[in-house]
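Trainee: I'd like to ask some things about the structure below.
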Amino acid sequence: MHGYELRKRISALTGHVRPVAESTLYPAIKRLEKAGLLARETQPGSVAAPRHVLSLTDEGRRELLRRLAEPAQGDITDENRWFTLLAFLRHLENGEAQAGVLRRRLAFLEEPASFFYDGEQPLRAEELDDPFRRGILTIARATSDAELKWLRTTINSIAPGRRD
Numbered sequence: 001m002h003g004y005e006l007r008k009r010i011s012a013l014t015g016h017v018r019p020v021a022e023s024t025l026y027p028a029i030k031r032l033e034k035a036g037l038l039a040r041e042t043q044p045g046s047v048a049a050p051r052h053v054l055s056l057t058d059e060g061r062r063e064l065l066r067r068l069a070e071p072a073q074g075d076i077t078d079e080n081r082w083f084t085l086l087a088f089l090r091h092l093e094n095g096e097a098q099a100g101v102l103r104r105r106l107a108f109l110e111e112p113a114s115f116f117y118d119g120e121q122p123l124r125a126e127e128l129d130d131p132f133r134r135g136i137l138t139i140a141r142a143t144s145d146a147e148l149k150w151l152r153t154t155i156n157s158i159a160p161g162r163r164d
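Here our numbering is used: the first residue of the sequence shown is 1, the next is one more, and so on.
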């Protein structure tokens, strides 16, 4: 894949929240190449300039699979990083390993949390007078409920031997 195409695809995944600048993408590509995780091949361009096409090396593929199987905690708790992880989780072919990642997200979502607290106690939408803060919690609850349902259903379909 060409670097420009990679940038477009990353932006489609996370660009509305974290735009990808060339000044960050290309140095990251060089670091991955230097680490032996990416290979660059020069191919003739369609007009004049040659294109640099990127692909994962065998070591890069192993590292991707390791990161999918053992994601950092931030990949589980940060919604945008979670969606990026989820977009690639199909490459982890073992259903039990996929379910293990989903179980970590499920455990995170099942912890009591709120955007607003009274001391140490999380507040529920029904406890707020402010309609806008109540709206935040109402929307977050609906999103969380949908994700919890999806997680449980998916875990049970890809790892049917365990009850979650």
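The C-beta atom is built at its ideal place from N, Cα and C for all residues, glycine as well. Just so we're clear, the structure is a prediction, and the values are computed from it rather than from any experiment.
1. Checking the sheet assignment: what are the DSSP bridge partners for Gln43?
2. Going by Cα to Cα distance, which pick from Leu102, Leu56 and Ala97 is closest to Leu148?
3. Who are the near neighbours of Leu128 in its chain, counting only those whose CB is closer than 6 Å to its CB and skipping five residues on each side?
4. Straight-line CA distance for Gly161 to Thr153?
5. From Asp164 to Ile155, what distance separates their C-alpha atoms?
6. Who are the near neighbours of Leu151 in its chain, counting only those whose CB is closer than 7 Å to its CB and skipping five residues on each side?
7. Where does Leu148 fall in DSSP's three states?
8. What does the Cβ neighbour count give for Ala28, buried or exposed, with the cut at 16 atoms within 10 Å?
9. Alpha carbon to alpha carbon, how far is Ser46 from Glu5?
10. Is the distance from the Cβ of Leu166 to the Cβ of Leu64 below 7 Å?
11. Among Tyr117, Ile158 and Arg124, which has the Cα closest to the Cα of Ala97?
12. Considering Cα atoms alone, identify which of Gly36, Gly95, Leu37 and Ala146 is closest to Glu110.
13. Closer than 6 Å by C-beta to Asp75: which residues in its own chain qualify, once you throw out the five before and the five after it? Chain order, please.
14. If Arg40 sits next to Val20, beta carbons under 8 Å apart, how far is it from one beta carbon to the other, in whole angstroms?
15. For Ala72 and Ala48, what's the separation of their Cα atoms in angstroms?
Mentor: The relevant details are as follows:
1. Here residue 43 is taken as the residue at index 43 of the sequence shown, counted from 1. Gln43 pairs with Arg51.
2. Within the sequence shown, residue 148 is the residue found at index 148, counting from 1. It is Leu102 whose Cα lies nearest to the Cα of Leu148.
3. If you number the sequence shown from 1, residue 128 lands on position 128. Excluding residues within five positions, the ones whose Cβ falls inside 6 Å are Arg134.
4. The residue you call residue 161 lines up with position 161 of the sequence shown. The residue you call residue 153 lines up with position 153 of the sequence shown. Each residue's Cα considered, the two are about 13 Å apart.
5. As a working note, residue 164 is residue 164 in the sequence shown. As a working note, residue 155 is residue 155 in the sequence shown. Reliability fails at Asp164, whose pLDDT of 48 lies under 50, so the model's placement of it is uncertain and the value that follows must be treated cautiously. So the two alpha carbons sit approximately 7 Å from each other.
6. Reading the sequence shown from its first residue, position 151 is the one you call residue 151. These residues qualify, in order along the chain: Leu102, Arg105 and Leu106.
7. By 1-based counting over the sequence shown, the position of residue 148 is 148. If DSSP states are grouped into helix, strand and coil, Leu148 belongs with the helices.
8. Residue 28 sits at position 28 when you count from the first residue of the sequence shown. Burial call: exposed.
9. Counting from one through the sequence shown, the residue named residue 46 turns up at place 46. Counting from one through the sequence shown, the residue named residue 5 turns up at place 5. The straight-line gap from Cα to Cα measures roughly 15 Å.
10. In this structure the chain extends from 1 to 164, so residue 166 is not present and cannot be described.
11. Position 97 of the sequence shown, counted from the first residue, corresponds to residue 97. Ala97 has its Cα closest to that of Ile158, out of Tyr117, Ile158 and Arg124.
12. Counting from 1 along the sequence shown, the entry for residue 110 is found at position 110. That would be Ala146, whose Cα lies nearest to the Cα of Glu110.
13. Locating residue 75 in the sequence shown gives position 75, counting from the first residue. Closer than 6 Å at the Cβ level, and outside the excluded window around Asp75, lie Arg81 and Leu85.
14. The residue labelled residue 40 in the question sits at position 40 within the sequence shown. The residue labelled residue 20 in the question sits at position 20 within the sequence shown. Rounded, the Cβ-Cβ distance is 18 Å, inconsistent with contact.
15. Your numbering for residue 72 matches position 72 in the sequence shown. Your numbering for residue 48 matches position 48 in the sequence shown. Answer to the nearest angstrom: the Cα atoms are 42 Å apart.
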